[in-house]
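Below is one structure; the comments refer to it alone.
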Amino acid sequence: MILLYGEKFTDVDLPQVIPTCESFDARVIPLVGEDLQCLHSALRKASRGVVLKTRSRLWISLARELRADLTIYVWGLPLRRRGVIPIYPAAEYRGPAVYYVKNRHDLRALVGKTVDGFLLDARGFDPRAVELAVKGELRCDCVRCDVAERLLCNWYREVEVL
5 MILLYGEKFT DVDLPQVIPT CESFDARVIP LVGEDLQCLH SALRKASRGV VLKTRSRLWI
65 SLARELRADL TIYVWGLPLR RRGVIPIYPA AEYRGPAVYY VKNRHDLRAL VGKTVDGFLL
125 DARGFDPRAV ELAVKGELRC DCVRCDVAER LLCNWYREVE VL
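Residues 5 to 166 in this note's numbering are what the sequence shown spells out, letter by letter.
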């Protein structure tokens, strides 16, 4: 699973984590903090999930109570249960989870490790290139590349040749 993190919406066909209270597009996963009104609005309109930035289990329990059918990504608390997936920084590998990756250097640390997904910072990765890598349209030198390896290969050289 590949998610993009950015301050504003980008027109690519990938799920995007954006700091907002409302999910105005099916691809948007709202990022909310400890604000009850914002959390309620995000949970009411979200379709893919909500990222909750908190260190308190109370907010997670509240979100699960309001929308038990929705995936809650927790950024800041090492908690995993049914429907709750933690987000860790790439430098702190803790087993299967979603990892926040700022740049290609951080991604190298996760190659070959078991992960549930990546939350890629749009400032460190070109969203259109990520979309091509996810769709399998970027070619690499490796025989059986996973998405992380495709994002790390020198895809821009392939584009220059074309």
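We put the beta carbon where it would ideally sit given N, CA and C, even for glycine. None of the values given here were measured: they were computed from a predicted structure.
Residues bridged to G121 (per DSSP): Taking the first residue of the sequence shown as 1, we reach residue 121 at position 117. DSSP links G121 through a beta bridge to V102.
Where the alpha helix (DSSP H) containing V151 begins and where it ends: Along the sequence shown, one-based indexing puts residue 151 at 147. Per DSSP, V151 belongs to the alpha helix (DSSP H) from 151–156.
Secondary structure of V88, DSSP reduced to three states: The sequence position of residue 88 within the sequence shown is 84, counting from 1. In the structure shown, V88 sits in a strand (DSSP, three-state: E or B).
Inter-stretch contact at 8 Å, needing at least 3 Cβ pairs: the segment 47–61 / the segment 81–93: Cβ pair count under 8 Å is three or more, so yes.
Proximity to V16 [Cα-Cα], best of S27, A133, T24: Residue 16 sits at position 12 when you count from the first residue of the sequence shown. With distances taken between Cα atoms, V16 lies closest to A133.
Cβ-based burial, A30 [other Cβ within 10 Å; buried from 16]: Numbered from 1 along the sequence shown, position 26 holds the residue referred to as residue 30. Under the 10 Å beta carbon count, A30 is surrounded by fewer than 16 other beta carbons and is classified as exposed.
Simplified DSSP state of V138, which is helix, strand or coil: Counted from its first residue, the sequence shown places residue 138 at position 134. Three-state DSSP puts V138 in a helix.
CB contact flag (V21, I6, <9 Å): Numbered from 1 along the sequence shown, position 17 holds the residue referred to as residue 21. Numbered from 1 along the sequence shown, position 2 holds the residue referred to as residue 6. Result no, Cβ atoms of V21 and I6 do not sit closer than 9 Å.
Classification of S27 by the beta-carbon crowding that lies within 10 angstroms, buried from 16 upward: As a position in the sequence shown, residue 27 is number 23, starting the count at 1. S27 is buried by the Cβ-count criterion.
CB-CB length for C146 against E153, believed under 8 Å: In the sequence shown, counting from the first residue as 1, residue 146 sits at position 142. In the sequence shown, counting from the first residue as 1, residue 153 sits at position 149. C146 to E153, Cβ: 6 Å. Contact.
Assigned secondary structure, L74 (DSSP; H/G/I helix, E/B strand, else coil): Locating residue 74 in the sequence shown gives position 70, where the first residue counts as 1. Judged by DSSP in its simplified three-state form, L74 adopts coil rather than helix or strand.
Any non-hydrogen atom of the ligand MG within 8 Å of D110 CB: Ligands displayed in this structure: none; no statement on the ligand MG is therefore possible.
Closest residue to I76 among H44, E96, R98, E141 (Cα-Cα distance): By one-based count along the sequence shown, residue 76 stands at place 72. Nearest C-alpha to I76: H44.
Span separating the alpha-carbon of V119 from that of Q41: As a first step, residue 119 must be located in the sequence shown, where it is residue number 115. As a first step, residue 41 must be located in the sequence shown, where it is residue number 37. Spanning the two alpha carbons is a distance of roughly 32 Å.
Which of helix, strand or coil DSSP assigns to P221: In the structure as shown, the chain begins at 5 and stops at 166. Residue 221 is therefore absent and cannot be evaluated.
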